[in-house]
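Asks: Could you have a look at this structure, given as structure tokens, before my questions?
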Amino acid sequence: MNNIHCDQKLQPWAKNPKDIGIGIEQEHFIFKGSEAPCLEDIKTVFAELCDGEYHVRASDSDNRPLAVNHDMAGGYIAIKNDFCTHILEVSLPPLKSVVTLSNIYNDTWGMLDAVLKKHGIHRKLGGSLSSLPENWETVPSKRLEWFKSRSTSKPTPEYWHRDFGAFICSTQIHLNVLDENFYEFLPKLYSFEYLTPLLFSNSHEFNAKNAHCVRPLVYRDNYPSSYIANAYPKKIPSCKKQYEQMISSTKDFIRDYTFIAPRRFGSIEFRAACSQDDFSQIMELAALKVAGFVAASASEHTHRTQMEQFYDVCRSGEVDQAILLNDFAELVLVAEKLPVCFRDAFEKLSGRVGGRLGR
45 MNNIHCDQKL
55 QPWAKNPKDI
65 GIGIEQEHFI
75 FKGSEAPCLE
85 DIKTVFAELC
95 DGEYHVRASD
105 SDNRPLAVNH
115 DMAGGYIAIK
125 NDFCTHILEV
135 SLPPLKSVVT
145 LSNIYNDTWG
155 MLDAVLKKHG
165 IHRKLGGSLS
175 SLPENWETVP
185 SKRLEWFKSR
195 STSKPTPEYW
205 HRDFGAFICS
215 TQIHLNVLDE
225 NFYEFLPKLY
235 SFEYLTPLLF
245 SNSHEFNAKN
255 AHCVRPLVYR
265 DNYPSSYIAN
275 AYPKKIPSCK
285 KQYEQMISST
295 KDFIRDYTFI
305 APRRFGSIEF
315 RAACSQDDFS
325 QIMELAALKV
335 AGFVAASASE
345 HTHRTQMEQF
355 YDVCRSGEVD
365 QAILLNDFAE
375 LVLVAEKLPV
385 CFRDAFEKLS
395 GRVGGRLGR
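Residue numbers are given in my numbering: position 267 of the sequence shown equals residue 311, and the series is strictly consecutive.
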């Protein structure tokens with residue numbers, strides 16, 4: 045079993061995990077019958093939201109809304125499309141109360157479902173599409189032209205597609221724990237990251253190709269090899285200087301697309317997960333990330349799950365049982381000391397891991 049340092053090494057949020065705030069970026073596919081909603085549908089839905097408590101965040105040349113926000117204590121709720129009209133994203137700021145987060149999450153999506161239904165639009169659960177609807181269309185954005193014109197590696201990777209962003213949806217967890225010490229235990233965080241595709245896969249098909257969890261494979265294959273700040277880094281930084289070097293060495297950098305990324309608002313974004321169906325699953329994912337953060341900041345164990353092992357899990361859904369047993373035992377020790385909201389979610393997760401271990 046891995047050795048855990050004494051409390052003196054723990055960061056303040058690790059000693060008192062109830063101070064950790066959880067934010068969510070949640071994407072879902074939306075369809076009008078079997079087709080993608082058109083951009084006019086989206087503008088109409090967003091205009092209706094602005095008749096209530098939302099205000100325009102971005103608009104087109106005719107001042108029609110393309111993205112909307114709702115201000116709240118501690119931040120704002122942001123609603124927009126991601127890349128195309130058939131992917132809708134809701135972002136919630138990091139909150140320390142899981143009950144409040146759950147209520148806001150469910151109320152927001154419940155409200156959206158009601159508004160979308162009025163326009164004949166519905167959500168489609170899942171993290172990937174096998175093929176794109178014939179009538180799909182992009183949504184204007186600052187990065188759209190870059191995505192459409194980006195170069196690709198040669199030979200063409202297996203999961204490459206010019207419009208890959210229209211095939212996949214994600215659930216991205218933010219934790220408000222960014223500090224100078226984050227970088228030194230980033231390699232340890234990545235050593236736990238295979239658990240995300242192993243336990244939370246909701247994407248099995250992409251452009252008529254199959255895998256246990258295709259979304260991370262899609263991210264790996266859809267950026268040129270010169271774009272270093274992407275997916276699971278080949279060389280994981282272990283200090284801030286190395287991280288800055290990774291960013292500066294990324295050709296034509298527009299954004300940090302690595303699976304564990306520091307953000308300017310003081311949060312860490314976990315980006316590897318497929319879109320989860322409901323808040324209960326999201327909470328299990330968040331509990332895994334919180335436990336991983338506390339364990340990584342306190343552990344003497346230096347084992348790293350290698351990048352190829354991570355992608356092997358994505359392809360097959362299989363992992364060495366000894367590695368899984370060892371890593372999860374370390375997380376269980378930490379989870380026992382977490383606030384009850386995390387412990388309950390982690391207990392559900394432990395049941396799934398136990399099933400894989402034949403317990």
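All residues carry an ideal CB built from backbone N, CA and C; glycine is no exception. These numbers come from a predicted model, not from an experiment.
1) Determine, using beta carbons only, whether I217 and S172 come nearer to each other than 8 Å.
2) If P137 and Y149 are in contact, beta carbons under 8 Å, what's the gap, nearest whole angstrom?
3) Quick one: is N147 buried, meaning 16 or more other Cβ sit within 10 Å of its Cβ, or exposed?
4) Going along the chain, which unbroken runs of the beta strand (DSSP E) with 3 or more residues stay wholly within the segment 173-220?
5) Got a sec? Which residues, its chain only, sit under 7 Å from M290 by beta carbon, not counting five neighbours each side?
6) Between which two residues does the alpha helix (DSSP H) carrying L83 extend?
7) Report, in whole angstroms, the separation of the C-beta atoms of C94 and P109, which I expect to be a contact under 8 Å.
8) Checking 8 Å against the spacing of the C-beta atoms, do E237 and I304 come in under that value?
9) Helix, strand or coil, according to DSSP, for L393 in the structure here?
10) Just reading off the alpha helix (DSSP H) that F236 is part of, what are its end residues?
11) Below 8 Å on the Cβ atoms is my contact criterion, and I expect A117 with T240 to pass it. Report the Cβ-Cβ distance as a whole number of Å.
12) Taking the alpha helix (DSSP H) that N120 belongs to, which residues open and close that run?
13) Decide yes or no for the touch test of the segment 72-86 against the segment 173-188: beta carbon pairs closer than 8 Å, at least 3 of them.
14) Assuming H166 and I66 are in contact, meaning their beta carbons sit under 8 Å apart, how far apart are those beta carbons, in whole angstroms?
15) Could you please give me the residues that DSSP links to D115 through a beta bridge?
16) Can you name the residues that DSSP bridges to I131?
17) Who are the near neighbours of S103 in its chain, counting only those whose CB is closer than 7 Å to its CB and skipping five residues on each side?
18) Run through the DSSP bridge pairs and tell me what C253 is partnered with.
19) Less than 8 Å between the beta carbons of Y267 and Y301, yes or no?
20) What separation, rounded to the nearest whole angstrom, lies between the Cα atoms of L253 and P260?
21) Count Cβ pairs between the segment 382-389 and the segment 332-345 that sit closer than 8 Å; are there 3 or more?
22) In chain order, what residues of the same chain have a beta carbon less than 8 Å from the beta carbon of F297, not counting five sequence neighbours either side?
23) Using the three-state DSSP reduction, which class does N266 fall into: helix, strand or coil?
24) For P24, name the three-state secondary structure that DSSP assigns.
25) Does C283 pass the burial test, meaning 16 or more other C-beta atoms within 10 Å, or should it be called exposed?
26) So, with DSSP's three-state summary, where would you put I66?
27) Can you tell me whether DSSP reads V363 as helix, strand or coil?
Replies: Concretely, from the data shown:
1) Position 173 of the sequence shown, counted from the start, is the residue given in the question as residue 217. Position 128 of the sequence shown, counted from the start, is the residue given in the question as residue 172. Not closer than 8 Å, so no.
2) By one-based count along the sequence shown, residue 137 stands at place 93. By one-based count along the sequence shown, residue 149 stands at place 105. Not really, about 12 Å apart at Cβ, beyond 8 Å.
3) Against the sequence shown, residue 147 aligns to sequence position 103. Counting the other Cβ atoms within 10 Å of the Cβ of N147 gives fewer than 16, which makes it exposed.
4) 215-219
5) For the purposes of this step, residue 290 is taken as the residue at position 246 of the sequence shown. Around M290: I272, A273, P277 and P281.
6) To locate residue 83, count along the sequence shown from 1; it is residue 39. L83 to C94 is the extent of the alpha helix (DSSP H) around L83.
7) As a working note, residue 94 is residue 50 in the sequence shown. As a working note, residue 109 is residue 65 in the sequence shown. With a Cβ gap of about 6 Å, C94 and P109 count as contacting.
8) The sequence position of residue 237 within the sequence shown is 193, counting from 1. The sequence position of residue 304 within the sequence shown is 260, counting from 1. Yes. Within cutoff.
9) Taking the first residue of the sequence shown as 1, we reach residue 393 at position 349. DSSP places L393 in helix when its eight states are reduced to three.
10) Your numbering for residue 236 matches position 192 in the sequence shown. Per DSSP, F236 belongs to the alpha helix (DSSP H) from L230 to F236.
11) Translated into the one-based positions of the sequence shown, residue 117 becomes position 73. Translated into the one-based positions of the sequence shown, residue 240 becomes position 196. Actually they do not touch by this definition, with Cβ atoms about 30 Å apart.
12) For the purposes of this step, residue 120 is taken as residue 76 along the sequence shown, with counting starting at 1. The identity of residue 120 in the sequence shown is Tyr, whereas the question assumes Asn. Counting along the chain, Y120 falls outside any alpha helix (DSSP H), though it belongs to the beta strand (DSSP E) covering G119 to N125.
13) yes
14) Locating residue 166 in the sequence shown gives position 122, counting from the first residue. Locating residue 66 in the sequence shown gives position 22, counting from the first residue. Contact flag wrong, Cβ pair sits at about 27 Å.
15) Mapped onto the sequence shown, residue 115 falls at position 71. D115 pairs with Y120.
16) Position 87 of the sequence shown, counted from the start, is the residue given in the question as residue 131. F73, per the DSSP bridge assignment.
17) Locating residue 103 in the sequence shown gives position 59, counting from the first residue. For S103, where only same-chain residues beyond five positions count, the Cβ hits under 7 Å are P109 and L110.
18) Translated into the one-based positions of the sequence shown, residue 253 becomes position 209. It should be noted that the sequence gives Lys, not Cys, for residue 253. Paired residues: F250.
19) The residue labelled residue 267 in the question sits at position 223 within the sequence shown. The residue labelled residue 301 in the question sits at position 257 within the sequence shown. Taking 8 Å as the Cβ cut-off, Y267 and Y301 qualify as a contacting pair.
20) To locate residue 253, count along the sequence shown from 1; it is residue 209. To locate residue 260, count along the sequence shown from 1; it is residue 216. With the sequence shown as reference, residue 253 is identified as Lys, and Leu is not the correct amino acid for it. K253 and P260: Cα-Cα distance of roughly 13 Å.
21) They touch, by the three-pair rule.
22) The residue you call residue 297 lines up with position 253 of the sequence shown. Closer than 8 Å at Cβ, skipping near neighbours: Y271, A273 and I291.
23) Against the sequence shown, residue 266 aligns to sequence position 222. Residue state, collapsed to three classes: coil.
24) It is not possible to answer for residue 24, since the shown part of the chain is limited to 45 through 403.
25) Position 239 of the sequence shown, counting from 1, holds the residue named residue 283. Label assigned to C283: exposed.
26) If you number the sequence shown from 1, residue 66 lands on position 22. Residue state, collapsed to three classes: strand.
27) As a first step, residue 363 is located in the sequence shown; it is residue number 319 there, counting from the start. If DSSP states are grouped into helix, strand and coil, V363 belongs with coil.
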